[in-house]
Amino acid sequence: MPSAKSYAASSATSPLASLQIPRRDPTDRDVEIEILFCGVCHSDLHQVRNEWSAVPTTYPCVPGHEIVGRVTQVGSSVKKHKLGDIVGVGCLVDSDQSCPQCHANLEQFCPHAAFTYNSPDKHGTAPVTYGGYSSSIVVDEHFVLSVPGNLSLPGVAPLLCAGITTYSPMRRWGDLTGKKVGVIGLGGLGHMGVKFSHAFGAHTTVLTTSPKKKDSALALGADAVIVSSDANDMQKHTGSFDFILDTVSADHDINAYLNLLKIDGTLTLVGAPDKPLPVSAFGLIFGRKRLAGSLIGGLAETQEMLDFCGTHNITSDVEIIPIQQINEAYDRLLKSDVKYRFSIDMDSLKSE
């Protein structure tokens with residue numbers, strides 16, 4: 318059985334370290350990929366540290382679901398990709414492809430969906446799937462995406478999670494041209510939300526607790542910034558937003574933001590606070606407002622997002638690091654000390 322170099326956590330408290338892992342021989346439907354860059358998602362940190370009770374971690378855990386790489390082998394039935402193609406793999410590597418959700422291009426909701434890491438491995442290569450903090454990966458061609466040739470690859474990697482997570486709910490809402498859109502938070506997700514909202518032609522406002530982020534928000538394409546900790550500033554915008562994207566994973570007062578929506582306005586959660594957020598029923602009833610959630614996107618929509626990024630020259634703002642700095646990067650991630658995403662140069666793994 319082939320093997321690959323990786324960085325893995327052996328327990329919830331151990332640092333990530335070098336580990337040789339098995340990879341399967343490609344089937345006739347598979348694509349083998351040499352991984353060039355892998356983004357670092359905040360969910361990687363949660364999973365490595367076993368912080369999600371609903372999704373307990375199996376160790377060793379090889380994180381990484383924002384993968385960009387080069388095709389090195391294809392199965393005999395593969396039609397979409399060929400040797401040398403630059404491709405991407407996001408949060409999904411398998412589904413049953415037969416259920417109503419899959420037929421509707423919503424593979425992320427398939428009851429048998431396999432996520433890129435820490436999901437049962439139906440091929441039996443390992444107890445669970447191993448992710449992109451590794452030198453290579455083998456994936457069914459349906460879950461392999463084409464990357465536009467004009468985009469910088471380190472910045473493409475986070476599009477496979479942060480990009481589709483923010484693109485999907487905005488695209489699903491409808492035509493945002495000329496609408497007033499708010500983005501809560503200016504981190505890995507939030508900065509992508511600002512870029513997409515601007516590209517969709519919306520009047521884009523960043524809502525942040527930090528006045529220091531104003532210049533950065535405007536540089537990313539925001540038209541305005543509201544300091545959400547300033548009650549007077551928030552009051553001025555009551556009932557004025559068509560759509561708000563909430564990217565914050567920390568505990569926060571959702572009602573203050575619902576108050577900013579117009580009649581029939583929508584606030585969509587893409588951040589994932591660990592604790593429930595209290596919601597005022599009256600805040601929804603008066604104004605017929607909607608509080609929604611969104612989970613990444615299906616494969617067709619993710620390809621649409623990548624093509625949109627190619628047309629509009631959109632990538633994530635990244636700090637490129639070698640794999641040997643991943644534990645330091647996790648510490649910095651907890652302090653929000655990155656603008657706005659880490660992207661691992663997997664060439665650094667060759668020295669392990």
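The opening residue of the sequence shown carries number 318 in this note's numbering; numbering runs sequentially from there. Just so it is clear, CB atoms sit at the ideal spot from N, CA and C, and this is done for glycine as well.
Three-state secondary structure assigned by DSSP to residue i
i    : result
H520 : strand
G499 : strand
R649 : helix
T442 : coil
L353 : strand
I631 : coil
R387 : strand
P471 : helix
V365 : helix
A334 : strand
D347 : strand
Check whether residue i and residue j have beta carbons under 8 Å apart
i    : j    : result
E349 : T374 : no
V461 : K396 : no
V498 : G507 : no
S545 : T521 : no
G278 : T564 : The structure shown does not extend to residue 278, since the chain is modelled only from 318 to 669, so the question has no answer here.
F558 : L577 : yes
M663 : L353 : yes
A474 : V385 : yes
I561 : L594 : no
Y484 : G615 : no
T433 : T446 : yes
Y657 : L362 : no
S335 : E669 : yes
V523 : A539 : yes
L601 : L612 : no
Strand pairing of residue i, partner residues [DSSP]
i    : result
T585 : L562 and A609
S320 : P339
L409 : F432
P639 : D662
T525 : V544
R326 : Strictly speaking, residue 326 in this sequence is Ala, with Arg absent from that position. Answer by DSSP bridge pairing, in chain order: C378.
I403 : R387
CB-CB length for residue i against residue j, believed under 8 Å
i    : j    : result
V542 : K531 : 4 Å
Y450 : P380 : 6 Å
G502 : A479 : At roughly 12 Å, the Cβ-Cβ gap does not stay under 8 Å, so G502 and A479 are not in contact.
C-alpha distance - residue i paired with residue j, whole-angstrom precision
i    : j    : result
S660 : H459 : 24 Å
G627 : F599 : 43 Å
P471 : L575 : 35 Å
A371 : Q364 : 11 Å
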